[in-house]
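Residue numbers (the working numbering), protein chains in the order written: chain A, 837 to 1253; chain B, 27 to 171.
Don't be surprised by glycine CBs; every beta carbon is placed ideally from N, CA and C.
Quick notes on the structure that follows.
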């Protein structure tokens, strides 16, 4: 499908909304993306026409729901290049997918074993491991970044000398700096050292092609809602042999093979990890989102978003007292550095707090995120309390970036005059 | 820019009483963990009156201007008078009503001062619900709890 921006925008009903007479400018896509008609229609159609419980009945609606749910699993498997659909576990969120691995794979860890994390991680890829540390004495080893926030594979070698590292859990794209670590290289290094690798693809999933077989990661997690799909559904990919060896996470209906008065046996994957009624309509919505999104060429999406980001970075850099964080802070950007970040950029402004900035922008219909973005360790590392984040999606325009930068400039001069 | 009226911005740019005191009777810090805004208040109390107030802090214009305005108001006030201050008093000082999204910013200063005084009296710190006196603010109660 040709990449025609006005046609893409027309498919997102919310983009025609006005806020106090201002057109909505949505630049908070790293928090959640907006939904195209195709997703809204597919979920509506499912509830109006086919709603039943998947894998739980012989009647027509149960059958249609089961087919729709398993079709979604197949679509996800194809989208990320999994070998088999059984390697796709549905969860309620990316966070739950990471917790699943921490709790279930975590059962095999002993006191003194270590988990390696990067300083870029979101709290959802930090706290589940800290919970293991508190419960079982698991060590957490941190990979540091450089002054631009970039990770270097050598850091991994330093980590190896410091503990018995069983797993590296790492983001594929920072939700603050947009940095994409050199994953393939790091995964190869980690594997050579006997570690498994879990990838948090919450941000990366909508901004660049991910192939789990090419990457050779052992686990990968993402959510539907940042991929233009609904909230309430997440995905865990895991290599078949690993998932088969892991104990169940939640207990309940459908995750069992047999239940007796004094014991149970677990079902095969993926059912083993899908206790209780699943987010069926959300799986249908995610399937529709993947179908909608994959009609475009990845190169078109990536080029469009990179243009928006580098344009935003250079315009923002011209505002006095504004400091863009990370690799996009460099004015005349070498291409390689420019492409080590995507999806979002963050910045601070002398004399204007991010909460004040985003509240005023919000009243002008411009949606940006402020705060620590659930990355307190990274903010401490960067020596700042909070930042403002601008994150782009497939439907954003250069004009929206210009209007946003102009509004920020006005607010800065009002605050600091 | 209602909330960002000139009074608030003026106090944000030039905060009043923003200095730590060398020998305060009591010192107390409060942090709004939702956003990281932090205030530390030093009080010198004499005969039940707030003789001197100093403070240090970081955060948004509303929380910092609120502290600046409150420190002007408190100087010379009795401890009882300070303990009786309410959200409505803070709204009056700020000159604009503060909505549900930002009420914690507006009340962080009052919360810090009230808990400084409780510490001075040897009492336990009070929670946000008590500072905000949510009985009369049902919509706020729904947000905070």
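Residue 1207/A at chain B interface by Cβ criterion, 8 angstroms: Interface with chain B (8 angstroms Cβ-Cβ cutoff): residue 1207/A is included.
Determine which residues share a DSSP beta bridge with residue 57/B and list them. DSSP links residue 57/B through a beta bridge to 64/B.
Status (buried if at least 16 other CB within 10 Å, exposed otherwise) for residue 1048/A: Classification for residue 1048/A: buried.
Using a Cβ cut-off of 8 angstroms (strictly closer), state whether residue 84/B contacts chain A. Residue 84/B belongs to the set of residues whose beta carbon lies under 8 angstroms from a beta carbon in chain A.
Counted within 10 angstroms of its Cβ, other Cβ atoms place residue 1134/A as buried (16 or more) or exposed: Residue 1134/A should be labelled exposed.
Going along the stretch 50-69 of chain B in order, which residues come within less than 7 angstroms of chain A, judged by CB to CB distance? Answer in chain order: 61, 62.
Measure the C-alpha to C-alpha separation of residue 1081/A and residue 923/A and round it to an integer number of angstroms. Their backbone Cα atoms lie some 13 angstroms apart in a straight line.
With a threshold of 8 angstroms between beta carbons, is residue 133/B in contact with chain A? Residue 133/B is outside the set of residues whose beta carbon lies under 8 angstroms from a beta carbon in chain A.
So with CB distances below 8 angstroms, who are the chain A contacts of residue 35/B? The contacting residues are 1250, 1251.
So, helix, strand or coil for residue 854/A, using DSSP? Of the three classes helix, strand and coil, the one that applies to residue 854/A here is strand, per DSSP.
If we ignore side chains and look at the alpha-carbon of each, how far apart do residue 1013/A and residue 838/A end up? One C-alpha to the other measures close to 30 angstroms.
Taking the alpha-carbon positions, what's the residue 870/A to residue 1055/A distance? Spanning the two alpha carbons is a distance of roughly 27 angstroms.
Can you list, in chain order, the stretches of the alpha helix (DSSP H) that have 4 or more residues and sit fully within the stretch 1122-1166 of chain A? Runs found: 1134-1152.
What does a CB cutoff of less than 8 angstroms around residue 1118/A pick up in its chain, not counting 5 residues either side in sequence? Excluding the 5 residues flanking it on each side, residue 1118/A has same chain C-beta neighbours closer than 8 angstroms at 879, 1060, 1065, 1066, 1067, 1068, 1069, in chain order.
Residue 1144/A and residue 1248/A: beta carbons closer than 8 angstroms? No Cβ-Cβ contact shorter than 8 angstroms links residue 1144/A with residue 1248/A.
According to DSSP, what are the bridge partners of residue 1203/A? 862/A.
Neighbour-count burial assignment, residue 841/A, 16 or more Cβ in a 10 Å radius: So residue 841/A counts as exposed.
Quick check on this structure: which residue in 1132/A, 1207/A, 1177/A, 1176/A has the alpha carbon closest to the alpha carbon of residue 843/A? Ranking 1132/A, 1207/A, 1177/A, 1176/A by CA distance to the CA of residue 843/A puts 1132/A first.
Residue-chain proximity (residue 31/B, chain A), Cβ-Cβ < 8 angstroms: Residue contact check for residue 31/B against chain A: no CB pair falls below 8 angstroms.
From the DSSP output, in three-state form, read off residue 1250/A for me. Per DSSP, reduced to three states, the secondary structure at residue 1250/A is helical.
Who pairs with residue 1185/A in a beta bridge, going by DSSP? BP columns for residue 1185/A point to 1158/A, 1188/A.
What three-state label does DSSP hand residue 1069/A in the structure shown? Annotated three-state conformation of residue 1069/A is coil, per DSSP.
Tell me whether residue 1198/A sits in a helix, a strand or coil according to DSSP, three-state version. Here residue 1198/A sits in helix by DSSP.
Are there 16 or more other CB atoms within 10 angstroms of the CB of residue 1113/A, so buried, or fewer, so exposed? Per the 10 Å Cβ criterion, exposed.
Between the C-alpha atoms of residue 1240/A and residue 857/A, what's the straight-line distance to the nearest angstrom? Residue 1240/A and residue 857/A have their C-alpha atoms roughly 16 angstroms apart.
Reduced DSSP category for residue 30/B - H, G, I as helix; E, B as strand; rest coil: When secondary structure is reduced to three states using DSSP, residue 30/B falls in the helix class.
Could you tell me whether any Cβ in chain A is nearer than 8 angstroms to the Cβ of residue 91/B? No, residue 91/B does not count as interfacial toward chain A.
With respect to the alpha helix (DSSP H) encompassing residue 905/A, which residues constitute its N-terminal and C-terminal limits? Per DSSP, residue 905/A is one residue of the alpha helix (DSSP H) stretching across 896-916.
Cβ of residue 87/B within 8 angstroms of any chain A Cβ: At least one chain A Cβ lies under 8 angstroms of residue 87/B.
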